[in-house]
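My numbering applies: residue 16 is where the sequence shown begins, and numbers increase by one.
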Amino acid sequence: MRLVFILILGGFVFFSNINGTSIYILDEAKNSTAALEMMENNEWIVPTVNSELRTDKPPLHYYFMILGYKIFGVNPLGARFFSVVMGLLTLLITYLFTNRFYNKKTAFLTGLILITSLHFSYEFHLAVPDPYLIFFTIASIFCFYIFKKKQSRFFWLLFYVSIGFGVLTKGPIAIALPGGIIFFYLIFTSQFNWKTVWNIQPFLGLFISLLIAAPWYYMVGVATNGDWIEGFLFKHNISRFTETMQGHHSFFVLPLIFTFVGLLPFSVFIISSFKKIIKNRKSEKLNFYLLVGSLFIVLFFCISQTFLPNYTLPAYPLIAILIADYLNRVKFKALNTSLIVLIILSLLIPIAAYLGIKQDASISDLTIYASIFLVLPSGVIISYYFYKKGSKNWIYILSSGFIATFLLVQFVLMPLADQENPVVKTKDQLNNQKVYYYKRLNASYYFYLDRPIQKLETEKDIRNKLELREPFYLITRKKYAERIDNKARLKKIFQQKDLFEGHVTTIYYFDGNTLN
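Shown next, in the form of structure tokens:
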């Protein structure tokens, strides 16, 4: 019954209003569009966006999105549905693993910690490859431990199969994360020797992984004359790790900060739980394995020059298990200091939300809705009151406050904010009209206009279109607009900041009349 409850609660939270907001952020827009173009072109090998080669990611999540489109239609639900499924599968295997090697209480609390994490729940709302990578990475980490402990060849096979599907989801990172975790765990536990390596059979295992992933990589390489392989491996893997890309600059402690914030409220117990595990590392081998796993994932991205908040999410289930085990075994009174810290942090969140909304020009009219985040400190304070009374229900009250906040954001704040999305406001006007773009545009237009949008790279390109004397719309960004404002007969009809972005979408219209 506990597992059923966790899955029902997780499903309710992960699915909450999933079709109620548009495809609006860059990664969602490009991934959803790539899947849509592959479906419409009956193309299973070469991903494109706006009919141009997309080298960012392998195709597994595109295939699931295509299935979602065929079941639910071309809409946010179709694009996001299987991300939710991956979230539920991650909850399922995490619960089953924890129940098997810890106990039911720890397994239940682990699931609750993950659902309570606003960041974890939000990630499975998105039409991006990360939900798939999280599942396959966690599956590989769990399967290796079971294989090592039980000497089960079945779980040995599942370990490498999970890696194979991970490589088909996001590339070499699916090998690097579990591989690095296992390497350092064996080093730290003095198990790294030829006997262990022979038992793991990495060459045979990786051959199995490549049997799953390599055929597509080969076919896309042939179909694009190596362009996809070059773009993916060098630009989106090596360069992303060694250089700052797309303005996502990182510094060493940034992944640590995001992981701590992302796992609130229970992340206030991370330091205490980790210290206890390090102290007892010889007797708590599983805890130490999960500790090495979570630290490796986070520290791996600490040295990356490009960082996004979703990068460390595969560590969340591992950390959640360790925190749950700690809470189930620690003395009740030992939690007091951490909870006081949580009260202080929770009081800062509504202030940060208010300032963030107020300073974002696209949604500054919604500052009153920052009051939603007052639910967080209210829940924390009530939880602390029950804790001081000696009630074990404080954990459930704490979780309820964060889950309630997430639901209010999804059902109230996000739909209102979404209405301020420039794409939502203009897509109907632009649909079935001739549209071009100059330099750059909001990528969501690719998805909602569902047709190639020709790029005009220079002012001469614009002049050539004007000379055709055919009506058209021109989408660009404000920083390029000054080059357009003096063009004859081009009328600026729309300008607004993109939702949650620093760019400002600007749209011009040419009515086809004779040029001045």
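For every residue, glycine included, the Cβ atom is placed at its ideal position computed from N, Cα and C.
Everything numeric in this text was worked out from a predicted model, so none of it was measured.
Beta-bridge annotation (DSSP): I202 is not paired with any residue. When the beta-carbon positions are compared, Q511 and P437 come within less than 8 angstroms of each other. Around the beta carbon of N65, a 10 Å sphere encloses 16 or more other beta carbons of the protein chains shown; the residue is thus reported as buried. Rounded to the nearest whole angstrom, the CA to CA distance from E43 to H518 is 17 angstroms. For A339, the closest C-alpha among the options K164, N114, L201 and V61 is that of N114. Spatial neighbours of Y495 in its own chain (CB-CB distance under 7 angstroms, excluding positions within 5 residues in sequence) are listed in chain order as Y453 and K454. Remark: C-beta atoms of S353 and S287 approach each other more closely than 8 angstroms. Within its own chain, the residues whose Cβ lies closer than 6 angstroms to the Cβ of L333, once the five positions on either side in sequence are excluded, are L305, G308 and S309, listed in chain order. S377 sits close to E435, with the two beta carbons spaced by under 8 angstroms. DSSP, read as helix, strand or coil, puts L279 in coil. Secondary structure of Q511 (DSSP, three-state): strand. The DSSP assignment places 390-403, 409-423, 429-433, 437-445 and 459-464 as complete runs of the alpha helix (DSSP H) inside the region 381-464, in order along the chain (cut-off: 4 residues). When DSSP states are grouped into helix, strand and coil, Q374 belongs to the helix group. The distance from the Cβ of I490 to that of L456 is about 4 angstroms, consistent with a contact at the 8 angstroms cut-off.
Here the region 279-297 makes no contact with the region 182-199; the two share fewer than three CB pairs at distances below 8 angstroms.
Only residues of its own chain outside the window of five on either side were considered, and among them I372 and K373 have a CB closer than 8 angstroms to the CB of S379, listed in chain order.
For T131, there is no enclosing beta strand (DSSP E); the enclosing alpha helix (DSSP H) covers residues K119 to T131. Between the region 107-122 and the region 136-147, the count of Cβ pairs shorter than 8 angstroms is below three; the stretches do not touch. The region 444-451 makes no contact with the region 48-66, as fewer than three CB pairs between them are under 8 angstroms.
Contact check between the region 122-138 and the region 17-25: three or more CB pairs, one atom from each, fall below 8 angstroms, which counts as touching. Between the region 175-185 and the region 220-231, the count of C-beta pairs closer than 8 angstroms reaches three or more; the two stretches touch. Sequence-distant Cβ neighbours of A49 in its own chain, meaning closer than 7 angstroms and more than five residues away, are P62, T63, V64, R69 and Y77. Under the three-state reduction of DSSP, T70 is assigned to coil, being neither helix nor strand. In the same chain as A335, and ignoring 5 residues on each side of it, the C-beta atoms closer than 6 angstroms to its own belong to T125, I128 and L129, in chain order. Counting along the chain, F157 sits inside the alpha helix (DSSP H) bounded by residues D145 to K165. Looking at the DSSP output, T521 shares a beta bridge with T491 and Q510.
Rounded to the nearest angstrom, the Cβ distance from S155 to F174 is 5 angstroms, consistent with a contact under 8 angstroms. Three or more Cβ pairs drawn from the region 385-397 and the region 411-427 lie within less than 8 angstroms of each other, which places the two stretches in contact. Of Q206, N351, V313 and T382, the smallest CA-CA separation from G405 is found for N351. According to the DSSP assignment, K290 belongs to no beta strand (DSSP E) but to the alpha helix (DSSP H) extending over I285 to K294. Rounded to whole angstroms, the Cβ separation of G83 and A94 is 6 angstroms, and the two are in contact under 8 angstroms. Taking 8 angstroms as the cut-off, the Cβ atoms of L413 and G394 count as close. The beta carbon of A368 is closer than 6 angstroms to those of A385 and F388 in its chain, skipping five residues each way along the sequence. DSSP places V176 within a helical segment (H, G or I) once states are collapsed to three. Distance between T520 and R466, taken at the CA atoms: about 19 angstroms. Taking the Cα of I383 as reference, the smallest distance to any Cα among A349, A432, L323 and E485 is reached at A432.
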